[in-house]
Structure formats: C-alpha cells, structure tokens
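Working notes, structure below.
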Amino acid sequence: KASDEGIPTPDAITTPFRNTIPPAREKRMPGDLFMERRIRSLVRWNALAMVMRANKGEDALGGHISTFSSA
213 KASDEGIPTP
223 DAITTPFRNT
233 IPPAREKRMP
243 GDLFMERRIR
253 SLVRWNALAM
263 VMRANKGEDA
273 LGGHISTFSS
283 A
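The following block contains the structure:
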C-alpha cells in the first residue's frame, strides 16, 4: 500500500533475525499431538462431506476439494 501511495520502499525487506535457541533447548510442543491430528483429520473429512453433499444429484463435473489450510 505504501508504494501505491508513492512512498519509496526497498525492493526486498529483510531483517537480521536468527533463531538463537538451539533445537536441543527448545521446549516440547504443549498439547495432545494425537488429539490434534485426529481433529485435523475430522476437519478434512467434514470438508469432503460438505462438497459431496453439495454436488449430490449433479451429473456434471465440478465442486472443489482442497485442504482447509489453502483457504
């Protein structure tokens, strides 16, 4: 938006950020990883079921099946 308003901006914006925590010192991810995987699977299944229901009775090709994270 800044460049649309005529404000000069650099071509590439980068920062000197570096991950300073070694992997061995990182904390374990909190939560129940099995349950989170199950929930993601159910969300994908539900999306597929909604597409199939919307296309019920339609003989033509169509519909959109994709991952929930692409939205």
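The sequence shown: position 54 = 266 (the numbering used here), numbered continuously.
Ideal placement from N, C-alpha and C gives every residue a C-beta, glycine not left out.
All values reported here derive from a predicted model rather than from experimental measurement.
Query	Result
Which same chain residues, not among the five before or five after glycine 218, have their C-beta less than 8 angstroms away from its C-beta?	none
Between which two residues does the alpha helix (DSSP H) holding phenylalanine 229 run?	From DSSP, phenylalanine 229 is part of no alpha helix (DSSP H); its letter is neither H nor E.
Could you check the C-alpha separation between methionine 241 and glycine 269 for me, to the nearest Å?	45 angstroms
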